[in-house]
Amino acid sequence: MMILILGFLCGLLQNANSEEKTILIIGNIKLGQKTEFITPTKVEAALNLAAGLSEKYVLIPTILRDSVAVLLSKDGIKPQINILADTLKADKIVFILVSRIQNMLRVELNLVDAKNTSDRNLGEGFASIHYMLSDSVVLVDPALLQAVQRAFAVAVKDSNLYANCEDSFKVFPAPTLIVGGLEYKNNPSYFPKWDLFDRPIVSSYDAIESIFEQAKESPKFVVYDIPTRDTIYALFNLYIIENHKPPSYLEIEALDNFLVRRYISGTFTQQKNSADIELVLYEIINAKLKPIKSEKATIQKDDLMEFRRVLKEMTKKLLE
Numbered sequence: 032m033m034i035l036i037l038g039f040l041c042g043l044l045q046n047a048n049s050e051e052k053t054i055l056i057i058g059n060i061k062l063g064q065k066t067e068f069i070t071p072t073k074v075e076a077a078l079n080l081a082a083g084l085s086e087k088y089v090l091i092p093t094i095l096r097d098s099v100a101v102l103l104s105k106d107g108i109k110p111q112i113n114i115l116a117d118t119l120k121a122d123k124i125v126f127i128l129v130s131r132i133q134n135m136l137r138v139e140l141n142l143v144d145a146k147n148t149s150d151r152n153l154g155e156g157f158a159s160i161h162y163m164l165s166d167s168v169v170l171v172d173p174a175l176l177q178a179v180q181r182a183f184a185v186a187v188k189d190s191n192l193y194a195n196c197e198d199s200f201k202v203f204p205a206p207t208l209i210v211g212g213l214e215y216k217n218n219p220s221y222f223p224k225w226d227l228f229d230r231p232i233v234s235s236y237d238a239i240e241s242i243f244e245q246a247k248e249s250p251k252f253v254v255y256d257i258p259t260r261d262t263i264y265a266l267f268n269l270y271i272i273e274n275h276k277p278p279s280y281l282e283i284e285a286l287d288n289f290l291v292r293r294y295i296s297g298t299f300t301q302q303k304n305s306a307d308i309e310l311v312l313y314e315i316i317n318a319k320l321k322p323i324k325s326e327k328a329t330i331q332k333d334d335l336m337e338f339r340r341v342l343k344e345m346t347k348k349l350l351e
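For the sequence shown, position 142 matches number 173 in my numbering, and the numbering has no gaps at all.
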């Protein structure tokens, strides 16, 4: 066993040193609530791939780390992670926490210098879960890799760490974003009445879905889907969210507590023979909304398909 370990380690070190790669070792992997489809093995595989894709880092396999721990124990040495890092010539120790809320994964990655453990860099990354293996089984692997990549890029302070990867692995750190409602400003004196304003609950939900469908295509943001957004609200006892009204302080406070950093809201205002739409991208800071950018447009007819089309065009421009 010792010969195999030494042989593997020599190969690893030779490869790392010849290409000046930083050697990583996993200190601990913690899984939060709702992560029953995730295992430490999956997390390690994601980190290993993320390290390899960077072409700057290499990960010591956990099976090698644990084998050395057994040998040290037999020699009467307590195999603490700093001792294991020193024995295996690791440069950085990685601690990972994975958590999930419905269709969103969050990875918190703490990168600790093996020689100076007070030197720590924290990174967090998010990714949306898009795939199901069945009606009851979630396919988390693609989202887990993206979240690990984002967290790792933040921790090593290199937002372009994966800029040269092929498209499926080209991931950048990105803030989370949630789509809020549109405040409907109806004027009952205008005739004929528009169906879009007459049925605000239905049309406003359709509106935020249209905004979400376009927003999720942006590589600059990690966008919560509407069911996950409403799950966050429910955790704060906000069960009736009216998408045709402006957001309340309690809604924004709930999102702030879940580290949501961007928010889209706006207005839908009826005019005599048209309707004005304004979308605003906000930053959430201390449970308050700070405007970043806005887009305006006008629709000339009471038509749901036209409403959807214009909202998607506006969202695309808003997030460029």
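Positions of the beta carbon are idealized from the N, C-alpha and C atoms, including for glycine.
Identify the continuous beta strand (DSSP E) that holds residue i and give its terminal residues.
| i | result |
| --- | --- |
| residue 193 | Counting along the chain, residue 193 falls outside any beta strand (DSSP E), and DSSP gives it neither H nor E. |
| residue 284 | Residue 284 -> not in any beta strand (DSSP E); alpha helix (DSSP H) instead, spanning 280–288. |
| residue 153 | 151–159 |
| residue 89 | 88–90 |
What residues match up with residue i in a beta bridge as DSSP calls it?
| i | result |
| --- | --- |
| residue 307 | 300, 329 |
| residue 62 | 129 |
| residue 165 | DSSP lists no partner for residue 165. |
| residue 137 | 130, 157 |
| residue 215 | 299 |
| residue 294 | 209, 313 |
| residue 55 | 90, 123 |
| residue 322 | 313 |
| residue 142 | 125, 152 |
| residue 253 | 207 |
| residue 170 | 162 |
With burial defined as no fewer than 16 other Cβ atoms inside 10 Å of the residue's Cβ, what is the status of residue i: buried or exposed?
| i | result |
| --- | --- |
| residue 168 | exposed |
| residue 218 | exposed |
| residue 83 | exposed |
| residue 146 | exposed |
| residue 268 | exposed |
| residue 52 | buried |
| residue 148 | exposed |
| residue 326 | buried |
| residue 230 | exposed |
| residue 180 | buried |
| residue 162 | exposed |
| residue 317 | exposed |
| residue 346 | buried |
| residue 108 | exposed |
Could you pull the start and end residues of the alpha helix (DSSP H) that residue i belongs to?
| i | result |
| --- | --- |
| residue 339 | 335–349 |
| residue 83 | 71–85 |
| residue 93 | 93–105 |
| residue 28 | What is shown of the chain runs 32 to 351, which leaves residue 28 out entirely. |
| residue 244 | 231–246 |
Return yes when the Cβ of residue j is within less than 7 angstroms of the Cβ of residue i, no when it is not.
| i | j | result |
| --- | --- | --- |
| residue 137 | residue 65 | no |
| residue 80 | residue 90 | no |
| residue 241 | residue 342 | yes |
| residue 305 | residue 329 | yes |
| residue 129 | residue 57 | no |
| residue 178 | residue 205 | no |
| residue 402 | residue 272 | The shown model of the chain, from 32 to 351, leaves out residue 402, and the question about it has no answer. |
| residue 134 | residue 160 | yes |
| residue 239 | residue 210 | yes |
| residue 298 | residue 314 | no |
| residue 311 | residue 207 | no |
| residue 212 | residue 182 | no |
| residue 228 | residue 301 | yes |
| residue 88 | residue 62 | no |
| residue 274 | residue 236 | yes |
_When you compare the stretch 139–147 with the stretch 121–128, are there three or more beta-carbon pairs, one atom per stretch, that lie closer than 8 angstroms?_
yes
*Given 8 angstroms as the limit, is there contact between the stretch 100–109 and the stretch 215–234, that is, 3 or more CB pairs closer than that?*
no
*Are at least three pairs of beta-carbons, each pair with one atom in the stretch 248–263 and one in the stretch 185–199, less than 8 angstroms apart?*
no
*Within the chosen definition, does the stretch 88–101 reach the stretch 255–271 through at least 3 CB pairs nearer than 8 angstroms?*
no
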